[in-house]
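This report concerns only the one structure given below.
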Amino acid sequence: TEIGTIRNFSIIAHIDHGKSTLADRLIQATGGLTEREMEAQVLDNMEIERERGITIKAQTVRLDYTASDGKPYVLNLMDTPGHVDFAYEVSRSLAACEGALLVVDAAQGVEAQTLANVYQSIEHDHEIVPVINKIDLPAADVDKVRQEIEDIVGLPADDAILTSAKTGLGINEVLEAIVTRIPPPKGDRDAPLKAMLVDSWYDPYLGVVILIRVIDGAVRKGQQVKFMQAGTTHLIDRVGVFRPKIEQLAELGPGEIGFITAQIKDIGETRVGDTITDAKRPAAQALPGFKEVQPVVFCGLFPTDANDFEKLRDSLAKLRLNDASFSFEMETSAALGFGFRCGFLGLLHLEIIQERLTREYDLDLITTAPSVVYEVHLSKGRDASSIGSARTIGTDAAGLSIVEIHNPADWPDPNQIVEVEEPWIEATIYVPDEHLGPILKLCQDRRGIQKNLTYVAGRAQVVYELPLNEVVFDFYDRLKSISRGYASFDYHQIGHRPGDLVKMNILVNGEAVDALSMIVHRGAAEARGRQLCERLKDLIPRHLFKIPIQAAIGGKVIARETIAALRKDVTAKCYGGDITRKKKLLEKQKEGKKRMREYGSVSIPQEAFIAALRMG
Ligand code: GTP
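Just so you know, we're using UniProt numbering here: the sequence shown kicks off at 2 and counts up by one.
If you want it as structure tokens, here you go:
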């Protein structure tokens with residue numbers, strides 16, 4: 002394809018402003034799909050994505066369009082993942098485009114959350130075409146939205162395109178604007194091949210499919226290519242595009258977006274942002290901006306029914322086929338049995354995987370409290386070798402080993418710890434004014450540092466620096482409930498900072514319950530410990546003796562509850578008389594006992610731990 006006829010663009014829109022409908026219209030108008038095929042929305046193809054209104058995997062569609070100048074053009078519509086946990090993937094998708102459509106609902110106007118995406122797009126030097134959609138609605142106020150686009154986004158809006166993706170109005174104007182306003186890509190056909198790995202996924206028939214943007218040179222079937230970051234070589238066996246149906250091509254040239262396959266089985270070999278070059282005539286330098294994605298939030302996943310362990314392992318392996326950004330390894334817990342320690346890009350990523358396991362794989366799971374990754378400076382002479390799954394990442398200025406720890410079970414003895422550093426984020430919260438007060442208090446309570454407070458599009462926009470550790474602990478839920486669902490949240494990591502972090506154990510009758518241990522800030526430990534103890538008090542059945550429930554840091558108890566002893570006459574009453582009732586009760590007990598865990602002669606039903614964790 003002649004590079005001057007290519008246009009690569011993405012669509013920026015707030016949820017529900019009509020991104021998918023518009024994309025489908027563009028596909029339909031250029032002949033990619035019939036009306037019937039369009040009924041099933043093409044771009045977000047996973048059920049969960051549609052229900053949650055987010056797109057997890059980037060997809061691209063190639064459209065053939067003959068413009069009003071009579072010439073044929075190739076338009077590549079790049080769909081980008083919509084959530085903050087996938088910020089790096091989004092940045093690579095944007096780096097593969099030269100422009101974007103900014104879709105704004107004519108009745109809703111500019112939403113503050115959209116701004117973060119617009120700014121990203123601007124940072125990539127994109128030409129942005131404003132599109133005011135849903136002008137068929139009676140409540141549409143085009144002039145007001147135009148003004149908002151100028152005032153709030155800072156883009157000229159005289160030439161905003163007016164559309165109704167629903168009726169098809171304005172779709173041709175959008176196509177013309179893509180051709181006339183978005184610049185063609187630049188690239189050198191004669192230079193050595195340089196292509197960016199934008200995304201990849203596993204297809205049961207094709208193996209790993211890799212979405213690429215060719216920068217220089219061309220990629221062909223039969224070519225030996227090198228992945229510069231991964232350091233691997235592969236033979237390309239297919240080259241093609243999605244229209245959205247798959248179509249194989251002889252080659253992809255500079256500026257083009259399409260896919261390749263190369264008999265790759267493991268998605269872990271394909272890293273987003275990697276540079277693909279010719280093995281025999283390699284490019285001198287890899288593309289800038291590559292980042293190794295690392296899980297930042299960890300938790301234990303255990304099957305409620307121990308018999309489901311194998312099924313959980315198989316399901317995790319299947320999910321991992323299509324998502325190399327989460328990790329899992331086996332873990333055993335005295336309280337919860339066999340399970341897996343899993344790592345995710347963020348809390349939403351965790352929720353998505355958890356939900357898919359529950360829904361698609363029909364598993365009933367227990368999740369332990371999410372943990373972040375701590376960098377622990379160990380005392381002289383210590384390193385990771387003595388600590389479970391910890392990993393040495395280097396030495397500090399004083400020559401002490403720094404290890405990464407994400408599992409409370411691996412937390413070293415306090416006298417072996419010199420310093421702990423925890424990850425921080427910069428969070429931007431958008432919220433209607435009337436809910437601002439409680440949000441500020443929430444951030445303050447979570448050790449937040451306020452950096453900025455402004456008003457954008459009639460909403461408050463607050464920027465806070467927060468320890469990630471405080472955010473993984475029910476922050477989203479609190480944020481949503483105190484703002485009645487109106488607050489939204491965007492974040493990125495800003496590195497590690499020293500923090501006074503300790504391991505808190507929960508002891509039942511003097512014995513620590515592994516599944517309930519957590520790393521907390523010393524200042525928050527007492528409140529959280531008390532909460533857990535109170536909860537457990539209601540969940541653990543009474544015994545014939547008093548049972549202390551304690552929260553402790555090292556040997557120091559910081560919170561305590563006591564379960565009173567069962568009075569003898571109560572049991573007598575319960576078991577006296579009716580013999581069949583007695584039998585039934587005994588049978589129930591037997592069943593229950595199988596799932597009991599013993600803690601210092603206290604039998605605790607597994608359900609109690611599950612309930613304690615679920616209330617998290
Ligand atoms: P997510 O996929 O949730 O991010 O939303 P989206 O931005 O892709 O919006 P989508 O295309 O799913 O549209 C949201 C709703 O608005 C759907 O019910 C559409 O039918 C409707 N819609 C889209 N465009 C128009 C339009 O031009 N006019 C009217 N009246 N409704 C529209």
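The C-beta atom is built at its ideal place from N, Cα and C for all residues, glycine as well.
Mind listing, in chain order, the continuous alpha helix (DSSP H) runs of no fewer than 4 residues lying wholly within the stretch 508 to 583? Taking only runs of at least 4 residues, the alpha helix (DSSP H) segments lying wholly in the stretch 508 to 583 are 523 to 540, 569 to 576.
If you follow the alpha helix (DSSP H) that residue 472 is part of, which residue opens it and which one closes it? 469 to 472 is the extent of the alpha helix (DSSP H) around residue 472.
Between the stretch 2 to 9 and the stretch 89 to 104, do at least 3 Cβ pairs fall closer than 8 Å? Touching, per the Cβ criterion.
What are the start and end residues of each continuous alpha helix (DSSP H) run of 4 or more residues lying completely inside the stretch 286 to 366, in chain order? Along the stretch 286 to 366, the alpha helix (DSSP H) occurs as fully enclosed runs of 4 or more residues at 310 to 322, 348 to 360, listed in sequence order.
By DSSP, does residue 138 sit in helix, in strand, or in coil? DSSP places residue 138 outside both helix and strand once states are collapsed to three, so it counts as coil.
Our contact map puts residue 614 next to residue 333 with C-beta atoms below 8 Å; I'd like the distance itself, whole angstroms only. The C-beta distance from residue 614 to residue 333 rounds to 16 Å, too long to meet the 8 Å contact threshold.
Hey, would you say residue 473 sits closer than 8 Å to residue 348, going by beta carbons? In this structure, residue 473 lies near residue 348, with their beta-carbon atoms less than 8 Å apart.
How many angstroms separate the CA atom of residue 444 from the CA atom of residue 450? Answer to the nearest angstrom: the Cα atoms are 8 Å apart.
In DSSP terms, what residue 117 is bridged to: Its beta-bridge partners do not exist; DSSP assigns none.
Residue 191 to residue 103, Cα distance in whole Å? The straight-line gap from Cα to Cα measures roughly 34 Å.
To which residues of the same chain is residue 5 closer than 6 Å at the C-beta, ignoring the five residues directly before and after it? Only 185 meet the Cβ criterion.
Close beta carbons around residue 171, own chain, < 6 Å, minus the five adjacent residues each side: Cβ neighbours of residue 171 beyond the five flanking positions: 162, 163, 164.
Minimum C-alpha distance to residue 391 - residue among 399, 378, 397: Considering only alpha carbons, the answer is 378.
Find the nearest neighbour of residue 427 within the set 433, 498, 383, judged by alpha-carbon distance. Taking each of 433, 498, 383 in turn and checking the Cα distance to residue 427, the smallest one comes out for 498.
So does the stretch 502 to 512 actually touch the stretch 543 to 554, counting three or more Cβ pairs closer than 8 Å? Touching, yes, given that three or more Cβ pairs across the two stretches are closer than 8 Å.
Please classify residue 315 as buried or exposed, where buried requires at least 16 other C-beta atoms within 10 Å of its C-beta. Taking every protein chain shown into account, the CB of residue 315 has fewer than 16 other CB atoms within 10 angstroms, so this residue is exposed.
Can you tell me whether residue 235 is helix, strand or coil according to DSSP? If DSSP states are grouped into helix, strand and coil, residue 235 belongs with the strands.
Residue(s) in a DSSP beta bridge with residue 14: Residue pairing by DSSP places residue 14 opposite 104 in a beta bridge.
Rounded separation between residue 425 and residue 294 - CA only: Near 17 Å, if we compare the C-alpha coordinates of residue 294 and residue 425.
Residue 134 beta carbon near the ligand GTP (any heavy atom closer than 7 Å): Annotation for residue 134 indicates a beta carbon within 7 Å of some heavy atom of the ligand GTP.
How far does the beta strand (DSSP E) with residue 449 in it extend, from its first residue to its last? For residue 449, no beta strand (DSSP E) encloses it, and the DSSP letter there is neither H nor E.
At a cut-off of 7 Å, would you count residue 16 as near the ligand GTP, judging by its Cβ distance to the nearest heavy atom? Flag set: Cβ of residue 16 near the ligand GTP.
Select from 456, 209, 522 the residue whose C-alpha is nearest the C-alpha of residue 430. Per the Cα distances, 456.
Assigned exposure category for residue 402 - 16 Cβ within 10 Å defines buried: It is buried - the Cβ of residue 402 has at least 16 other Cβ atoms within 10 Å.
Beta-carbon proximity list for residue 107, same chain, < 6 Å, skipping 5 on both sides: Within the same chain, residue 107 has close Cβ partners 133, 135, 136, 141, 143, 146.
Residue 259 beta carbon less than 8 Å from that of residue 213: Yes, the pair counts as a contact, with Cβ atoms nearer than the cut-off.
On the DSSP bridge list, what partners appear for residue 432? Beta-bridge pairing links residue 432 to 461.
Give the secondary structure of residue 487 by DSSP, where H, G and I count as helix, E and B as strand, and everything else as coil. Reduced to three states, the DSSP call for residue 487 is coil.
Please confirm whether any heavy atom of the ligand GTP lies closer than 7 Å to the CB of residue 101. Between the ligand GTP and residue 101, a heavy atom-to-CB distance of less than 7 Å is absent.
Consider the C-beta atom of residue 142 and the heavy atoms of the ligand GTP; say whether any pair is separated by less than 7 Å. For the ligand GTP, not one heavy atom lies less than 7 Å from the Cβ of residue 142.
Does the beta-carbon of residue 197 have 16 or more other beta-carbons within 10 angstroms, so that it is buried, or is it exposed? Residue burial annotation: residue 197 is buried, with at least 16 other C-beta atoms found within 10 angstroms of its C-beta.
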